[in-house]
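Undergrad: Pasting a structure here, questions to come.
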Amino acid sequence: MSSRIVKCCAALRAFVLCSLVLLIAPACTRTGASGAPIQFRPTIEPQADAGPAQLVAPALMVLDEPPDRPLYTLNVTLDYDNGTVHTQEKIEFRNPTGLAITEIKFNVPPARRAGAIDVRDARIFGQAQPLTFEVTNTVLSVQLPAPLPAGAGIALAFDYVLKIPLQEVTLGIGGDDSSRGPYSLTAGHWYILLAPWENGDWYTPGYVPVGDNYVSEVADYTVNILAPEGIIIAGAGEEAREGRLWRYSLPMARVFAFGASPVYQIDQIEQDGITYIHYTYPEHRKFTEAVLYTAARAVALYSELYGPYPYRTLRIVETGRSQGQEYSGMIGIGTTLYDGYAGRGSRHDLIATTAHEVAHQWWFHRVGNDQIRSPWLDESLARMSELRFYQHYYPRDADWWYQRYISANRPRGSIDLPLSAYPDGRAYIIAVYQRGLMFLNDTRKRIGPETFDAALRDYSEAMAYKMATPNDFFDALARHTAEDLTDLVSGYFASAVVLPCRISGNAVGCRR
Ligand SMILES: [Zn+2]
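Residue numbers (this note's numbering): 197 to 708.
And the structure:
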């Protein structure tokens, strides 16, 4: 649980208590797996004089102390057999726009499939009157009955049922990060996410079939998942289990993800105060030690290079997919990645992918970026981290790694295109992961490894829990070197990057 206490009106506090009572009191809890979903809706209606809340306009209740960042409370009933997730979601947040607004937009990635999500209700939390809303493609738009002043806080509540799709057979990188296979279900970017506010509009980029088509800002999460008997939940953050109720607290996160399975085998180790927990299918449990120690070694190295790992737990969760996937405090490892591993040694996708996904705890989770418009900013750094992992722990295998992941294909393609500009997953991987690594390696050679490492550490600290842009990356380099990088950048980038003057030989029009 975050140390931050929910500061809000009395009605909101009542919601938390009411939800908790409903969750843990058998008399209040209806069956979640096969019967009617549990009910979380508060029974207390707000009064004009209820607590410190104030009515600034008819029917619009604002929070007297809005949270510094969005606070999500997700009360979830999982029907594992049918692959449905019934959620009552509350989002408390401050109007980020600087304007009085009557419309708020949210990204709902699973809605890219027609009929996948059934939003049954949207309202200002605690109010009797539902709000007008619509779901168009992957965007949920909510209309407020009166303007929400700039900087004011509000709590919105949603009630919806999501059908998690069956895992697609995909090659390459992309597709749903919420899916179910024969042995498990994974919920990645599965809920209603407040859209970032950028350049005077809500940022709602929609679905792209290649890469990670998600964008999310840091938020706090309190999650309660009621699962059927016999289903193991693997959720991110601090966990407390009370029978079928799995409770999680995950502060300062980009996303809250969880896996679920009736067959998960759980193993864990502890190193340097961090608990590493591996959830795997029985046939792959024999690899658990290799996976756990790979994750722990990766965290140790990256903590030294980029700054400390922020949580006390890291969950490594086998999924029904064929690829790895990063989440906050958790990584997914696709089941096919275990194929053919001998149980020892590092020359295998299982080890490389684990090291890669762990690196995203820094390049995605800690330092956020627009994964749709600038996917190179996290993927090339995650790939470089893989290489550093091999160079540090398995120096004799570093050449094998480079040959397999970097030299295997003829390098081509600009590294800085948005996801939608790459024709397919293969072109995307070759450009962003392969040439992206080459760009970083060349830059490291040009300015010197120690200078590069210092700049990267600086970038990680300066942009921690923010959304970094390519300019932020180059600014960090320019704080540590005066080498002219113009030729390198023009060789790898398609866009006309305006470099800081210090690393562009004071080119005409350079950034001061
Ligand atoms: Zn990655």
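All C-beta atoms in this analysis are idealised placements derived from N, C-alpha and C, irrespective of residue type, glycine included.
Remember, it's a predicted structure, so these values are computed and weren't measured experimentally.
Rounded to the nearest angstrom, how far is the Cβ of L422 from that of L441, given a contact under 8 Å?
TA: 5 Å
Undergrad: Is the stretch 427-438 touching the stretch 331-342, taking contact as three or more C-beta pairs under 8 Å?
TA: The stretch 427-438 is not in contact with the stretch 331-342.
Undergrad: So is the beta-carbon of E522 under 7 Å away from any non-hydrogen atom of ligand 1?
TA: yes
Undergrad: Flag this pair as yes or no: are the beta carbons of I568 and V411 separated by less than 8 Å?
TA: yes
Undergrad: Just the C-alpha distance for V406 and G370, rounded to the nearest angstrom, thanks.
TA: 5 Å
Undergrad: Please report the straight-line C-alpha distance between I643 and Y472, rounded to a whole angstrom.
TA: 36 Å
Undergrad: Taking the beta carbon of G528 as the centre, do at least 16 other beta carbons fall within 10 Å, making it buried, or is it exposed?
TA: buried
Undergrad: For the beta strand (DSSP E) that R437 lies in, which residues bound it at each end?
TA: E434 to E438
Undergrad: Does Y534 come out as helix, strand or coil in the three-state DSSP assignment?
TA: Three-state DSSP puts Y534 in a helix.
Undergrad: If you draw a straight line from the C-alpha of R376 to the C-alpha of Q519, how long is it?
TA: 14 Å
Undergrad: How about the stretch 319-327 and the stretch 345-355: do they share at least three Cβ pairs that are nearer than 8 Å?
TA: Output reads yes: the stretch 345-355 touches the stretch 319-327.
Undergrad: Since M659 is in the alpha helix (DSSP H), which residue starts that stretch and which ends it?
TA: Following the DSSP letters along the chain, one finds M659 in no alpha helix (DSSP H), marked with neither H nor E.
Undergrad: Name the DSSP bridge partner or partners of I297?
TA: L344
Undergrad: Going along the chain, which unbroken runs of the alpha helix (DSSP H) with 4 or more residues stay wholly within the stretch 435-497?
TA: none
Undergrad: Which residues share a DSSP beta bridge with Q284?
TA: N271 and D355
Undergrad: Quick one: residues in its chain with C-beta nearer than 8 Å to the C-beta of N409, no 5 flanking neighbours on either side, listed in chain order?
TA: Only residues of its own chain outside the window of five on either side were considered, and among them P305, G370, P401, G402, Y403, Q567, I568 and L615 have a CB closer than 8 Å to the CB of N409, listed in chain order.
Undergrad: Looking at the secondary structure, which residues open and close the alpha helix (DSSP H) in which L573 lies?
TA: W572 to Y589
Undergrad: Given S570, which residues of its chain have a CB within under 8 Å of its CB, disregarding the five upstream and five downstream residues?
TA: D612, P614, T665 and P666
Undergrad: According to DSSP, simplified to helix, strand and coil, what is R642?
TA: helix
Undergrad: Taking Cβ positions, are G294 and E413 nearer each other than 8 Å?
TA: Their beta carbons are not under 8 Å apart, which means G294 does not touch E413 by this criterion.
Undergrad: Measuring from the CB of A494, is there a heavy atom of ligand 1 at a distance below 7 Å?
TA: no
Undergrad: Going by other Cβ atoms of all chains shown within 10 Å of its Cβ, with 16 needed for buried, is S524 buried or exposed?
TA: buried
Undergrad: Taking A456 and Y444 to be in contact with their CB atoms under 8 Å, please state how far apart those CB atoms are, rounded to whole angstroms.
TA: That belief does not hold up - the Cβ atoms of A456 and Y444 are roughly 13 Å apart, past 8 Å.
Undergrad: Report back the beta-carbon spacing between A418 and V487 to the nearest angstrom; my notes put them in contact at under 8 Å.
TA: Before going further, note that residue 418 is Thr rather than Ala in the sequence given. Contact flag wrong, Cβ pair sits at about 29 Å.
Undergrad: By a C-beta neighbour count over all protein chains shown, 10 Å radius and 16 as the cutoff for buried, is T269 buried or exposed?
TA: buried
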